[in-house]
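Every letter in the sequence shown is one number past the one before it in the numbering used here, and letter 50, counting from 1, is 200. Think of the CB as a built atom: it goes at the ideal place given N, C-alpha and C, for glycine as much as any other residue. Have a look at the structure below before the remarks.
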Amino acid sequence: MSLGYFFVYGTLKDGFWNHYTLGKSRKVGRALTKTRFVMTTCGFPYMIPEDRVPESTEKPCRRVYGEVYDVDDIGVLKDLDALEGVAYGHYERVSIPVEVEGETLEAFAYVPLNERVVEYPICETAGEGEEEGYVFT
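Pasting the structure below:
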């Protein structure tokens, strides 16, 4: 039984070092977020929802490309939450709309907790195009 769709970006994508965490989850396809985020690459990638970006930040908000997986194993879900530090308040799992092959799906994604956003440095942001496996539009 499916536990839900998961939008992954950064090191969870196919070909990157944390992809193994998804176990045997079925890849639904490449995806593009319907909403905009600031995507940073400050030691590790994280995307901050546009409505959580501090007003003083002048970094661009863009739709983010990633991949969607259908997770049906509670062990995989626990491993994903552990990797993303959900129990420690690093990231939280939220539902976002994503576009997969022209179809809009609701998928879970990991984003910094609202109150923690100001703690994360908005250092490098990836530009347009494909850099280090991250794609933005």
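Pull up the distance between the alpha-carbon of residue i and that of residue j, whole angstroms please.
i: A276; j: G160; result: Note that A276 scores a pLDDT of 46, beneath 50, so its modelled location is shaky; the value from the coordinates is reported in the next line. So the alpha carbons of these two residues sit roughly 11 Å apart.
i: D201; j: E256; result: 18 Å
i: T190; j: G252; result: 26 Å
i: L233; j: M151; result: 22 Å
i: E205; j: F166; result: 33 Å
Does the beta-carbon distance from residue i to residue j come in below 8 Å?
i: F258; j: F157; result: yes
i: V248; j: T183; result: yes
i: V214; j: S175; result: no
i: V250; j: V226; result: no
i: V178; j: Y155; result: yes
When the Cα of residue i is compared with those of the options, which residue comes out closest?
i: R180; options: Y170, T254, Y260; result: T254
i: R212; options: W167, I198, G239, G252; result: I198
i: D164; options: T185, L233, G216; result: G216
Short of 7 Å in beta carbon distance, which residues of its chain neighbour residue i, apart from the five on each side in sequence? Order them along the chain.
i: L162; result: N168, H169, T171, L172
I think residue i touches residue j, with their Cβ atoms under 8 Å apart; what is that distance to the nearest whole Å?
i: D229; j: R243; result: That belief does not hold up - the Cβ atoms of D229 and R243 are roughly 13 Å apart, past 8 Å.
i: L153; j: I224; result: 7 Å
Tell me which residues share the same chain as residue i and place their Cβ nearer than 8 Å to its Cβ, disregarding the 5 neighbours each side in the sequence.
i: L263; result: G239, H240, Y241, E242
i: T185; result: P199, E200, R213, I246, P247
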